[in-house]
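Student: Protein sequences, first through last, are from chains A and B.
Here our numbering is used: the first residue of the first sequence is 1, the next is one more, and so on.
Here our numbering is used: the first residue of the second sequence is 386, the next is one more, and so on.
C-beta atoms are modelled at their ideal positions from N, C-alpha and C, and glycine is treated no differently.
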Amino acid sequence: MSVMVKLRNKWSGKTALNKRREKSEGYEVASQWQLMWWKFRKHKLAMMALFVLAFLYLLAVFCEFLSPALPQQRFTAYKNAPPTKIHFYDKKTGFSFRPFVYDYKQKVNPKTFLRTFTEVKTEKYPIYFFVKGPKYKFWGLFETDIHLFGLKAKNKPLFLMGTDDLGRDLLTRILYGGRISLSFGLLGIVFTLFLGLILGGISGYLGGVTDTIIQRLIDLLICLPTIPLWMALAAALPRDWSSAQIYFGMLLIFSVIGWTELARVVRGKILALREEDFTMAARLAGASDMRIIMKHLVPSFASYIIVVVTLAIPGTILGETALSFLGLGLQPPVVSWGVLLQDAQNLETLAHHPWLLWPAAFIIVTVLMFNFLGDGLRDAADPYK
Amino acid sequence: MLNFIGYRVLQLIPLLIAISIIVFFIIQLPPGDFLTSYIQQLELSGTDVAQSAIISLKQQYGLDQPLYMQYFIWLKNIILHGDLGRSFQWNQPVTQVIGERLALTMAISISTLIFVWIVAIPIGIYSATHQYSFLDYLFTFIGFIGLAVPGFLIALILVYVVFVNTGVSITGLFSPEFQSAPWSWDKFMNMLPRIWLPIVVIGMAGTAGLIRLTRGLLLDELQKQYVITARAKGVGEKKLLFKYPVRMAINPLISTIGWTLPGIISGEAIVSIVLNLPTTGPILLKALMFQDMYLAGSFILILSVLTVIGTLLSDILLVMIDPRIKFGGVQE
Numbered sequence: 001m002s003v004m005v006k007l008r009n010k011w012s013g014k015t016a017l018n019k020r021r022e023k024s025e026g027y028e029v030a031s032q033w034q035l036m037w038w039k040f041r042k043h044k045l046a047m048m049a050l051f052v053l054a055f056l057y058l059l060a061v062f063c064e065f066l067s068p069a070l071p072q073q074r075f076t077a078y079k080n081a082p083p084t085k086i087h088f089y090d091k092k093t094g095f096s097f098r099p100f101v102y103d104y105k106q107k108v109n110p111k112t113f114l115r116t117f118t119e120v121k122t123e124k125y126p127i128y129f130f131v132k133g134p135k136y137k138f139w140g141l142f143e144t145d146i147h148l149f150g151l152k153a154k155n156k157p158l159f160l161m162g163t164d165d166l167g168r169d170l171l172t173r174i175l176y177g178g179r180i181s182l183s184f185g186l187l188g189i190v191f192t193l194f195l196g197l198i199l200g201g202i203s204g205y206l207g208g209v210t211d212t213i214i215q216r217l218i219d220l221l222i223c224l225p226t227i228p229l230w231m232a233l234a235a236a237l238p239r240d241w242s243s244a245q246i247y248f249g250m251l252l253i254f255s256v257i258g259w260t261e262l263a264r265v266v267r268g269k270i271l272a273l274r275e276e277d278f279t280m281a282a283r284l285a286g287a288s289d290m291r292i293i294m295k296h297l298v299p300s301f302a303s304y305i306i307v308v309v310t311l312a313i314p315g316t317i318l319g320e321t322a323l324s325f326l327g328l329g330l331q332p333p334v335v336s337w338g339v340l341l342q343d344a345q346n347l348e349t350l351a352h353h354p355w356l357l358w359p360a361a362f363i364i365v366t367v368l369m370f371n372f373l374g375d376g377l378r379d380a381a382d383p384y385k
Numbered sequence: 386m387l388n389f390i391g392y393r394v395l396q397l398i399p400l401l402i403a404i405s406i407i408v409f410f411i412i413q414l415p416p417g418d419f420l421t422s423y424i425q426q427l428e429l430s431g432t433d434v435a436q437s438a439i440i441s442l443k444q445q446y447g448l449d450q451p452l453y454m455q456y457f458i459w460l461k462n463i464i465l466h467g468d469l470g471r472s473f474q475w476n477q478p479v480t481q482v483i484g485e486r487l488a489l490t491m492a493i494s495i496s497t498l499i500f501v502w503i504v505a506i507p508i509g510i511y512s513a514t515h516q517y518s519f520l521d522y523l524f525t526f527i528g529f530i531g532l533a534v535p536g537f538l539i540a541l542i543l544v545y546v547v548f549v550n551t552g553v554s555i556t557g558l559f560s561p562e563f564q565s566a567p568w569s570w571d572k573f574m575n576m577l578p579r580i581w582l583p584i585v586v587i588g589m590a591g592t593a594g595l596i597r598l599t600r601g602l603l604l605d606e607l608q609k610q611y612v613i614t615a616r617a618k619g620v621g622e623k624k625l626l627f628k629y630p631v632r633m634a635i636n637p638l639i640s641t642i643g644w645t646l647p648g649i650i651s652g653e654a655i656v657s658i659v660l661n662l663p664t665t666g667p668i669l670l671k672a673l674m675f676q677d678m679y680l681a682g683s684f685i686l687i688l689s690v691l692t693v694i695g696t697l698l699s700d701i702l703l704v705m706i707d708p709r710i711k712f713g714g715v716q717e
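1. For Y104(A), which of helix, strand or coil comes out of DSSP?
2. Cβ atoms of F100(A) and H87(A): under 8 Å apart, would you say?
3. Whole beta strand (DSSP E) runs in the stretch 441 to 510 of chain B with 3 or more residues, listed along the chain?
4. Can you find the residues in the same chain that come closer than 8 Å, C-beta to C-beta, to I555(B), ignoring five residues on each side of it along the sequence?
5. Report the rounded CA-to-CA distance for N9(A) versus A380(A), giving the unit in angstroms.
6. CB-CB under 8 Å to G178(A), same chain, minus the five flanking residues each way: which ones, in chain order?
7. Please decide whether L702(B) counts as near chain A, where near means a Cβ-Cβ distance under 8 Å.
8. So, at 7 Å on beta carbons, what are the nonlocal neighbours of M576(B) in its own chain, with the 5 sequence-adjacent residues on each side left out?
9. Which chain A residues are close to Y545(B), counting only those with a beta carbon under 9 Å from its beta carbon?
10. In the DSSP output, which residue or residues are listed as bridge partners for P126(A)?
11. How about the stretch 644 to 657 of chain B and the stretch 613 to 627 of chain B: do they share at least three Cβ pairs that are nearer than 8 Å?
12. Any beta carbon of chain B sitting closer than 8 Å to that of M231(A)?
13. For S12(A) and M36(A), I'd like the C-alpha separation in whole angstroms.
14. What residues of chain A sit near F537(B), judged by a beta carbon separation below 8 Å?
15. Is it buried or exposed, D169(A), if we count other Cβ atoms within 10 angstroms and call 16 or more buried?
16. What distance in whole Å lies between the Cβ atoms of I701(B) and I390(B), which are believed to be in contact at a cut-off of 8 Å?
17. Out of P71(A), D103(A) and F372(A), point me to the one whose CA is closest to K135(A)'s CA.
18. Among the residues of its own chain, which have a CB less than 6 Å from the CB of A540(B), if the five just before and after it don't count?
19. So, using beta-carbon positions, are L297(A) and I317(A) closer together than 8 Å?
20. Would you decide whether N371(A) is buried or exposed? Buried here means 16 or more other CB atoms lie within 10 Å of its CB.
21. Please state whether DSSP places T93(A) in a helix, a strand or coil.
22. Compute the distance between the beta-carbons of L262(A) and G319(A), then report whether it is under 8 Å.
23. What is the rounded straight-line gap between the Cα of L686(B) and the Cα of I202(A)?
24. Within 8 Å, do at least three Cβ pairs link the stretch 661 to 680 of chain B to the stretch 482 to 498 of chain B?
25. Where does R616(B) fall in DSSP's three states?
26. Check the Cβ-Cβ distances between Q716(B) and every residue of chain A, and say whether any is below 8 Å.
27. Just confirm the distance between the C-beta atoms of I458(B) and S689(B), as a whole number of angstroms; I'd bet it's less than 8 Å.
28. Mind checking who K137(A) pairs with in its DSSP beta bridge?
29. What residues in its chain sit with their C-beta under 6 Å from that of T144(A), if we drop five residues either side in the sequence?
30. In terms of residue numbering, what span does the alpha helix (DSSP H) encompassing N371(A) cover?
31. Which whole-angstrom value is the C-beta distance of L151(A) and Y125(A), which I expect to be below 8 Å?
32. Across which residues does DSSP place F117(A) in a beta bridge pair?
33. For V586(B), would you say it is in contact with chain A, using Cβ-to-Cβ distances shorter than 8 Å as the test?
34. Can you tell me where the alpha helix (DSSP H) holding V256(A) begins and where it ends?
35. Excluding the 5 residues preceding and the 5 following A234(A) in the sequence, name in chain order all residues of the same chain whose CB lies nearer than 7 Å to its CB.
36. So, with DSSP's three-state summary, where would you put G682(B)?
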């Protein structure tokens, strides 16, 4: 719409006054969602968050292709190796546009038995795009061995974020873990949304005893300390379940406890909107209950739902991370950010291998971005203010 | 006033019953009852279990009866005898295992709540009266991080940073020589320099939320007519601020204890695991790992009940502070 107006102005060469009039007319005829988008666009932090999150989700979607190794692949010669430095300058050959890495030499301190790695600057291993690496099944559909970047030499170190104690590439594992952790946030919210909409909707629309019961249930769930409750329920998941079953079991646990906030918003909005003039007008015009709900009520509070949902996603991601971190949630060999952080639990390990904290950085960025996004959405949710 | 308190206490009863049902459900979740695992444990360690001992234990916990009867027996034992069941992992009654750790958890949680208030309210007032100043932006930014990043990650990173820079491990609450010593003045003094870290870490989220809340509420208040009127009549700025708008803005702070306190207790559980504090968190985790369900369930039961009581106290406090709510709010 706005693009059309701009284009028309450009071609017809209108005066500034006319332009302003056009613009204000644009506002008058714009739909609610368009107004929201215009308002959201002005929130710079939220726009940035949107791009960062899109980027993170893209990383998770294409993790097989983007990661240089496989999550379970062990580089036995490079256990607990620090992040590989990427070089452009070599003493012998000088500057090269193609980045390259050096091999590592491992030394064991005879007293402390600590491994230290030093670069062997004799041979360069250049980094190429679209190299053939270990085979994988892309999205479980077709087999290929093309990776976005890597070394042509086999079993040489390209560990941009270091390796863990089994010699597995941390960057690869973080990318694969992102797929689990990030999808957990989205899927978790689907179940929560389902429960919240239905229970909140029933509560607001029916009122009476049903409303009271659901409200008391919400009161009860709010006053329980969530983390101990999550821990107990997650620990009760049968030990012989497959990792997929545990994943969905945890989704259910979070939804069953976490739908209250959403149900409250839905109920509050329905209660308020039921009394609005436009609802009365629609009813007098002979619209059915269903039509009033779907055509008039739901669009009026959909934007608030989106805000609550956006702000609830990081909570779910953090919940999964916390439980997996404690060893009650997803278990290795499944890779999630929480599972990866298990390695960082031990202070001694952490002090010597600080790169094990990288998953925390990803978690923090994701959660912060969701909060920024939710904040921007909240400002935009009511465009008539 | 007494009426109000009585009414609120009566309201608690169904809530407490619901909590007890949930906890009992959690205790029953893992396959097999605790007695089977207990006997297995004993047999593994080479102890012969006398048949009479099994039967007496069975009767004590009503394990030979249907599930709903077990629930009532469990509840009766708690209410009449304060008996929360037996922890087979520690081979002790649950109450003995929990005792001191629970006290520490409560001490830390309440200190955290006070810390949150002491820090958040002045900052919130400052931010509202100096809107869009540099410090306001700074506090908003810190608040955002505190709200978004969970305590256990902050704890993890803090412990790492302090360890790398000073070589001191700041986990635990006491230095080694006091760890299993009985309580004494020295032990208490030993705890003081270490207890602030968990308090700050656990309080981060609550502080951040409360700063935002205070700021928002006070900003709303400051725009109201009565403030303008008071200013027009020549009331000094300080008096004007603290006599009316601040008092108005602080009210909801007390009513939010209902969700601040569960948040703090919840956060304490996981931060204490990372920081290895001698509180309920690590024990709860261990109990869950070993499916020592009476112990785990008791923790959840007690933490929930304490939260509910905290909420009740906050409601009563609110009525004492704000006379407008006194009786009108009850009927609603």
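Tutor: Taking the definition as stated:
1. The residue you call residue 104(A) lines up with position 104 of the first sequence. The answer is strand: DSSP assigns Y104(A) an E or B state.
2. Here residue 87(A) refers to the residue found at position 87 when the first sequence is read from its first residue. Here residue 100(A) refers to the residue found at position 100 when the first sequence is read from its first residue. H87(A) places its beta carbon less than 8 Å from that of F100(A).
3. Within the stretch 441 to 510 of chain B, no complete beta strand (DSSP E) run reaches 3 residues.
4. Here residue 555(B) corresponds to residue number 170 of the second sequence, with the count starting at 1. Excluding residues within five positions, the ones whose Cβ falls inside 8 Å are L543, V544, V547, F548, R579, L582 and L660.
5. Residue mapping note: residue 9(A) aligns to position 9 of the first sequence, counting from 1. Residue mapping note: residue 380(A) aligns to position 380 of the first sequence, counting from 1. With a pLDDT of 49 at N9(A), under the threshold of 50, the modelled position of that residue is not reliable, and the figure given next carries that caveat. One C-alpha to the other measures close to 27 Å.
6. Here residue 178(A) is taken as the residue at index 178 of the first sequence, counted from 1. The answer, listed in chain order, is L56, L59, A60, C63, W337 and F362.
7. On the second sequence, position 317 is the one that residue 702(B) refers to. Not one chain A Cβ lies under 8 Å of L702(B).
8. Residue 576(B) sits at position 191 when you count from the first residue of the second sequence. So the list reads L558 and F559, once near-sequence residues are dropped.
9. As a first step, residue 545(B) must be located in the second sequence, where it is residue number 160. The answer, in chain order, is A344, L347, L350, A351, P354 and L357.
10. Taking the first residue of the first sequence as position 1, residue 126(A) is located at position 126. F100(A).
11. Contact fails: fewer than three Cβ-Cβ distances are below 8 Å.
12. Along the first sequence, read from residue 1 onward, the residue named residue 231(A) stands at position 231. Residue-level contact by beta carbon holds for M231(A) and chain B, with a gap shorter than 8 Å.
13. Taking the first sequence and counting its residues from 1, the one referred to as residue 12(A) is at position 12. Taking the first sequence and counting its residues from 1, the one referred to as residue 36(A) is at position 36. The predicted model places S12(A) with a pLDDT of 49, which falls under 50 and marks its position as unreliable; any figure quoted below should be read in that light. Cα to Cα, the separation comes out at about 28 Å.
14. The residue you call residue 537(B) lines up with position 152 of the second sequence. What F537(B) touches in chain A: A322 and F325.
15. Indexing the first sequence from 1 puts residue 169(A) at position 169. Here D169(A) is buried. Its C-beta has 16 or more other C-beta atoms within 10 Å.
16. Along the second sequence, one-based indexing puts residue 390(B) at 5. Along the second sequence, one-based indexing puts residue 701(B) at 316. The Cβ separation is near 6 Å, so the contact holds.
17. Here residue 135(A) is taken as the residue at index 135 of the first sequence, counted from 1. Residue P71(A) is the option with its Cα nearest to K135(A).
18. On the second sequence, residue 540(B) is found 155 positions in, with the first residue counted as 1. V586, V656, V659 and L660, listed in sequence order.
19. The residue you call residue 297(A) lines up with position 297 of the first sequence. The residue you call residue 317(A) lines up with position 317 of the first sequence. It is not a contact, given that the beta carbons lie outside the stated cut-off.
20. On the first sequence, position 371 is the one that residue 371(A) refers to. Classification for N371(A): buried.
21. As a working mapping, residue 93(A) is identified with position 93 in the first sequence. It is coil, neither helix nor strand.
22. For this step, residue 262(A) is matched to residue 262 along the first sequence. For this step, residue 319(A) is matched to residue 319 along the first sequence. The Cβ atoms of L262(A) and G319(A) lie no closer than 8 Å to each other.
23. Along the second sequence, read from residue 1 onward, the residue named residue 686(B) stands at position 301. Along the first sequence, read from residue 1 onward, the residue named residue 202(A) stands at position 202. L686(B) and I202(A) have their alpha carbons spaced roughly 30 Å apart.
24. By the Cβ rule, the stretch 482 to 498 of chain B counts as touching the stretch 661 to 680 of chain B, because three or more pairs are nearer than 8 Å.
25. The residue given as residue 616(B) occupies position 231 in the second sequence. In the structure shown, R616(B) sits in a helix (DSSP, three-state: H, G or I).
26. Residue 716(B) sits at position 331 when you count from the first residue of the second sequence. Residue confidence is low: Q716(B) scores 40 on pLDDT, short of 50, so the model does not pin down where it sits. Its coordinate-derived value is still stated next. Closer than 8 Å to the CB of Q716(B) there is not a single CB belonging to chain A.
27. Counted from its first residue, the second sequence places residue 458(B) at position 73. Counted from its first residue, the second sequence places residue 689(B) at position 304. Not a contact, Cβ separation roughly 20 Å.
28. The residue labelled residue 137(A) in the question sits at position 137 within the first sequence. K137(A) pairs with E143(A).
29. In the first sequence, the residue the question calls residue 144(A) occupies position 144. Hits under 6 Å: F138.
30. On the first sequence, position 371 is the one that residue 371(A) refers to. N371(A): member of the alpha helix (DSSP H) spanning W358 to A381, first to last residue.
31. For the purposes of this step, residue 151(A) is taken as the residue at position 151 of the first sequence. For the purposes of this step, residue 125(A) is taken as the residue at position 125 of the first sequence. Contact between L151(A) and Y125(A) holds: their C-beta atoms lie close to 5 Å from each other, under 8 Å.
32. Position 117 of the first sequence, counted from the start, is the residue given in the question as residue 117(A). Paired residue(s): Q106(A).
33. Taking the second sequence and counting its residues from 1, one reaches residue 586(B) at position 201. Nearest CB-CB separation between V586(B) and chain A: not below the 8 Å threshold.
34. In the first sequence, residue 256(A) corresponds to position 256, counting from 1. Looking at the DSSP string, the run of the alpha helix (DSSP H) that includes V256(A) is S243 to G258.
35. As a working mapping, residue 234(A) is identified with position 234 in the first sequence. Apart from sequence neighbours up to five positions away, the residues of its chain that approach A234(A) with a beta-carbon distance below 7 Å are M250, I253, L323, L328 and G329, ordered along the chain.
36. Looking up residue 682(B) in the second sequence gives position 297. Helix, per DSSP.
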